[in-house]
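Undergrad: Provided herewith is a single structure, encoded as structure tokens, for subsequent inquiry.
Chains as they are written, first to last, in the numbering used here: chain D, 12 to 287; chain Z, 2 to 268.
And the structure:
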């Protein structure tokens with residue numbers, strides 16, 4: 012990505028010439044301009060009285076609150092609690108759903124047989140099941156990790172099955188003409204050919220993990236960003252509430268960035284470059 | 002090359018059953034191919050020429066009659082036969098070299114050194130030394146097809162089957178690769194069976210041209226191409242062969258070029 016961009020930028024940078032700092036600034040502006048405008052509006056609108064500052068405090072005030080909670084340790088604690096839950100449920104879903112999906116996908120008939128059931132589970136909104144989870148697992152960590160796991164499990168499983176079932180039959184035939192045994196065929200052809208589609212499911216699950224966790228924390232928790240948001244709202248600590256929301260966005264961005272980086276590595280062959 | 006590479010097809014019948022109806026795809030095919038011979042199989046769509054290759058390569062083993070390679074009946078795919086399809090079918094996540102190495106995964110005859118040597122030799126054979134660590138999407142169609150040829154040859158098979166290998170390429174690349182194929186044929190000395198619907202290609206390359214007819218797929222006749230190589234495409238004798246073979250086509254071509262109803266086998 013970055014290598015590609017730098018080669019793309021090269022001619023324009025040379026044409027516009029003499030001032031690399033200005034160039035870098037312009038580039039940053041082009042990529043981050045919309046975000047900067049958004050934050051500027053957020054800052055200015057309450058100050059000018061366009062919106063009620065008690066309901067929407069300026070971003071600077073939210074950040075100041077964040078700094079305060081960072082220093083007294085509350086923010087790191089909520090942040091860590093959320094991150095740990097979401098990571099645990101998400102990781103658990105990855106290590107179970109991918110192998111299971113590969114196994115199901117290999118047996119096409121079985122995959123066809125169980126697919127309606129899986130679709131049903133997938134479409135049962137995980138949050139609708141939250142009371143069931145709390146009933147069985149209590150309001151502790153277990154139920155929250157479990158509901159994240161449940162929410163992440165289905166998109167990964169279904170995409171993995173699809174990935175295996177839809178591997179280009181021409182590639183499989185071609186591998187068979189080379190006399191590959193079923194096990195080799197699976198390892199050398201089906202598995203690598205499935206990676207991109209599996210990753211669609213994994214990234215979907217990454218977004219799901221944050222979404223479900225926050226909702227779960229709003230319902231029953233004593234820590235975490237979801238708890239911070241709902242608790243602050245009850246107590247009319249509006250800057251704290253917005254801080255919680257901003258932090259969740261950060262968690263989402265962080266997870267997505269990690270997944271994109273991983274995907275980049277696993278599908279390096281799609282882009283340029285020599286030996287991986 | 003002494004005996005290896007003799008392909009004997011006897012009383013071969015192949016049918017599909019589509020919605021209860023029997024569709025004869027191949028009827029009574031008799032064909033004997035000598036070691037090192039270059040055979041081209043031509044015919045209108047639906048004449049079963051690609052199906053014939055599928056049977057020889059061993060992807061489909063449900064047929065009546067016999068196919069022998071060096072006296073052994075073909076029961077499955079095997080490393081004694083290599084095939085190149087119209088699409089290169091390279092693995093997009095592997096480099097050129099790794100793609101060619103995949104062909105050797107099931108090879109127990111070669112030592113590690115022999116495998117290494119064979120990979121190197123075949124990369125050189127198709128002239129892709131400079132591209133061995135490129136990925137398929139970085140190659141042109143002609144280059145990708147050359148990699149496919151190298152991959153099919155890396156086990157040093159006795160027979161190379163080619164299923165319209167240059168059908169998707171532009172004329173310039175096609176002519177170039179036809180010459181490459183002749184050179185490879187001469188260097189490797191193996192038996193070649195090429196399916197094509199390009200009559201000129203068949204005459205340019207083959208020792209014998211097998212003309213097939215559709216519905217049911219059968220051999221109409223076999224034409225010996227008695228021309229020294231290289232064969233100038235614009236010579237009178239070349240043109241006579243072409244006229245002769247084209248007559249086989251024009252007779253029924255219009256009627257037979259209707260969509261191939263052959264049970265949806267996407268060659």
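For every residue, glycine included, the Cβ atom is placed at its ideal position computed from N, Cα and C.
No experiment lies behind these values; they were computed from the predicted model shown.
At 4 residues or longer, and completely inside the segment 90-147 of chain D: list those alpha helix (DSSP H) runs for me, N to C.
TA: You should have 119-134.
Undergrad: Using a threshold of 8 Å, state whether the C-beta atoms of residue 50 (chain D) and residue 70 (chain D) are closer than that.
TA: Along the first chain, read from residue 1 onward, the residue named residue 50 (chain D) stands at position 39. Along the first chain, read from residue 1 onward, the residue named residue 70 (chain D) stands at position 59. Contact flag set, yes.
Undergrad: Using only alpha-carbon positions, find the residue among D:256, D:223, D:282 that is nearest to residue 96 (chain D).
TA: For the purposes of this step, residue 96 (chain D) is taken as residue 85 along the first chain, with counting starting at 1. Ranking D:256, D:223, D:282 by Cα distance to residue 96 (chain D) puts D:223 first.
Undergrad: Give the list of continuous beta strand (DSSP E) stretches no shorter than 3 residues that lie fully inside the segment 186-226 of chain Z.
TA: Runs found: 192-196, 209-214, 219-225.
Undergrad: May I ask you to report which of helix, strand or coil DSSP gives residue 262 (chain Z)?
TA: To locate residue 262 (chain Z), count along the second chain from 1; it is residue 261. Low local confidence applies: a pLDDT of 40 at residue 262 (chain Z) is under 50, so the model's placement there is unreliable, and no value is given.
Undergrad: What runs of the beta strand (DSSP E), each 3 residues or longer, lie entirely inside the segment 144-172 of chain D?
TA: Whole beta strand (DSSP E) segments, 3+ residues: zero.
Undergrad: Count the other CB atoms, across all protein chains shown, that sit within 10 Å of the CB of residue 275 (chain D); report buried if there are 16 or more and exposed otherwise.
TA: Translated into positions along the first chain, residue 275 (chain D) becomes position 264. Residue 275 (chain D) comes out exposed.
Undergrad: Tell me, please, whether the segment 26-45 of chain Z touches the segment 205-218 of chain Z by the rule of three or more beta-carbon pairs shorter than 8 Å.
TA: Yes, since at least three Cβ pairs between the segment 26-45 of chain Z and the segment 205-218 of chain Z fall closer than 8 Å, the two stretches touch.
Undergrad: Pull up the distance between the alpha-carbon of residue 18 (chain Z) and that of residue 218 (chain Z), whole angstroms please.
TA: Residue numbering aside, residue 18 (chain Z) sits at position 17 when the second chain is read from its first letter. Residue numbering aside, residue 218 (chain Z) sits at position 217 when the second chain is read from its first letter. C-alpha separation (whole angstroms): 15 Å.
Undergrad: Whose Cβ in chain Z lies nearer than 8 Å to the Cβ of residue 192 (chain D)?
TA: Counting from one through the first chain, the residue named residue 192 (chain D) turns up at place 181. Chain Z residues near residue 192 (chain D): 107.
Undergrad: Could one say the Cβ of residue 171 (chain D) lies closer than 8 Å to chain Z's Cβ atoms, at least one of them?
TA: The residue you call residue 171 (chain D) lines up with position 160 of the first chain. So, not an interface residue.
Undergrad: When you compare the CB of residue 182 (chain D) with every CB in chain Z, is at least one pair closer than 8 Å?
TA: Residue mapping note: residue 182 (chain D) aligns to position 171 of the first chain, counting from 1. So yes, residue 182 (chain D) belongs to the interface.
Undergrad: How about residue 178 (chain D): is its C-beta nearer than 8 Å to some C-beta of chain Z?
TA: Here the question's residue 178 (chain D) lines up with position 167 in the first chain. With 8 Å as the cut-off, residue 178 (chain D) does not count as an interface residue toward chain Z.
Undergrad: Strictly by DSSP, which residues pair up with residue 83 (chain Z)?
TA: Reading the second chain from its first residue, position 82 is the one you call residue 83 (chain Z). Partner(s): Z:161.
Undergrad: Who are residue 42 (chain Z)'s beta bridge partners in DSSP?
TA: On the second chain, residue 42 (chain Z) is found 41 positions in, with the first residue counted as 1. DSSP lists Z:196, Z:211 as partners of residue 42 (chain Z).
Undergrad: Note down, in chain order, all residues in the segment 18-32 of chain Z with a beta-carbon under 8 Å from any beta-carbon belonging to chain D.
TA: Hits within the stretch: zero.
Undergrad: Does DSSP put residue 88 (chain D) in a helix, a strand or coil?
TA: Translated into the one-based positions of the first chain, residue 88 (chain D) becomes position 77. DSSP places residue 88 (chain D) in helix when its eight states are reduced to three.
Undergrad: Just to confirm the assignment, what range does the beta strand (DSSP E) spanning residue 12 (chain Z) have?
TA: The residue labelled residue 12 (chain Z) in the question sits at position 11 within the second chain. 8-19 is the extent of the beta strand (DSSP E) around residue 12 (chain Z).
Undergrad: Within 8 Å of any Cβ in chain D, is that where the Cβ of residue 69 (chain Z) sits?
TA: Along the second chain, one-based indexing puts residue 69 (chain Z) at 68. Not closer than 8 Å to any Cβ of chain D, the Cβ of residue 69 (chain Z) fails to qualify, so no.
Undergrad: Once DSSP output is grouped into helix, strand and coil, what is the label at residue 30 (chain Z)?
TA: In the second chain, the residue the question calls residue 30 (chain Z) occupies position 29. DSSP places residue 30 (chain Z) in strand when its eight states are reduced to three.
Undergrad: Relative to the C-alpha of residue 178 (chain Z), which residue among Z:166, Z:26, Z:66, Z:116 is closest?
TA: Within the second chain, residue 178 (chain Z) is the residue found at index 177, counting from 1. Answer by Cα proximity: Z:166.
Undergrad: Say whether chain Z places a C-beta atom closer than 8 Å to the C-beta of residue 252 (chain D).
TA: Within the first chain, residue 252 (chain D) is the residue found at index 241, counting from 1. It does not: the Cβ of residue 252 (chain D) has no partner Cβ on chain Z nearer than 8 Å.
Undergrad: Span of the alpha helix (DSSP H) holding residue 265 (chain D)?
TA: The sequence position of residue 265 (chain D) within the first chain is 254, counting from 1. Its alpha helix (DSSP H) spans residues 249-277.
Undergrad: Can you pull the chain D neighbours of residue 35 (chain Z), defined as C-beta to C-beta under 7 Å?
TA: Residue numbering aside, residue 35 (chain Z) sits at position 34 when the second chain is read from its first letter. None at all; the shortest Cβ gap to chain D is about 23 Å.
Undergrad: Check whether chain Z comes within 8 Å of residue 12 (chain D), counting only Cβ atoms and requiring the distance to be less than that.
TA: For the purposes of this step, residue 12 (chain D) is identified with residue 1 of the first chain, where counting begins at 1. The predicted position of residue 12 (chain D) is uncertain, since its pLDDT is 41 and thus under 50; a value taken from the coordinates is nonetheless stated next. Output row for residue 12 (chain D): interface = no.
Undergrad: Using a 10 Å radius around the Cβ and a threshold of 16 neighbouring Cβ atoms, would you call residue 138 (chain Z) buried or exposed?
TA: In the second chain, residue 138 (chain Z) corresponds to position 137, counting from 1. Burial call: exposed.
Undergrad: Do residue 183 (chain Z) and residue 163 (chain Z) have their CB atoms nearer than 8 Å?
TA: Translated into the one-based positions of the second chain, residue 183 (chain Z) becomes position 182. Translated into the one-based positions of the second chain, residue 163 (chain Z) becomes position 162. No, the Cβ-Cβ distance between residue 183 (chain Z) and residue 163 (chain Z) is not below 8 Å.
Undergrad: Consider the Cβ of residue 86 (chain Z): report whether some Cβ of chain D lies at a distance smaller than 8 Å.
TA: Translated into positions along the second chain, residue 86 (chain Z) becomes position 85. So, interface residue.
Undergrad: Quick check: the segment 203-219 of chain D against the segment 172-187 of chain D, are there 3 or more CB pairs under 8 Å?
TA: Verdict: yes, contact present.
Undergrad: Work out the CA separation of residue 124 (chain D) and residue 234 (chain D) for me, nearest whole Å.
TA: Position 223 of the first chain holds residue 234 (chain D). Position 113 of the first chain holds residue 124 (chain D). Residue 234 (chain D) and residue 124 (chain D): Cα-Cα distance of roughly 42 Å.
Undergrad: Here's the rule: buried if 16 or more other CB atoms are within 10 angstroms of the residue's CB, otherwise exposed. What is residue 82 (chain Z)?
TA: Translated into positions along the second chain, residue 82 (chain Z) becomes position 81. That one is buried.
Undergrad: Counting only runs of 3+ residues fully inside the segment 99-187 of chain Z, write out the beta strand (DSSP E) ranges in chain order.
TA: Whole beta strand (DSSP E) segments, 3+ residues: 160-164.
Undergrad: Please report the distance separating the alpha-carbon of residue 263 (chain D) from that of residue 93 (chain D).
TA: In the first chain, residue 263 (chain D) corresponds to position 252, counting from 1. In the first chain, residue 93 (chain D) corresponds to position 82, counting from 1. Answer to the nearest angstrom: the Cα atoms are 11 Å apart.
Undergrad: Mind checking whether residue 160 (chain D) and residue 104 (chain D) have CB atoms under 8 Å apart?
TA: Working through the first chain from its first residue, we reach residue 160 (chain D) at position 149. Working through the first chain from its first residue, we reach residue 104 (chain D) at position 93. Yes; because the gap between Cβ atoms is below 8 Å, this pair is in contact.
Undergrad: Is the CB of residue 280 (chain D) under 8 Å away from at least one CB in chain Z?
TA: As a first step, residue 280 (chain D) is located in the first chain; it is residue number 269 there, counting from the start. Cβ-Cβ to chain Z under 8 Å: yes for residue 280 (chain D).
Undergrad: Would you check if the distance between the CB atom of residue 171 (chain Z) and the CB atom of residue 212 (chain Z) is smaller than 8 Å?
TA: Taking the first residue of the second chain as position 1, residue 171 (chain Z) is located at position 170. Taking the first residue of the second chain as position 1, residue 212 (chain Z) is located at position 211. Result no, Cβ atoms of residue 171 (chain Z) and residue 212 (chain Z) do not sit closer than 8 Å.
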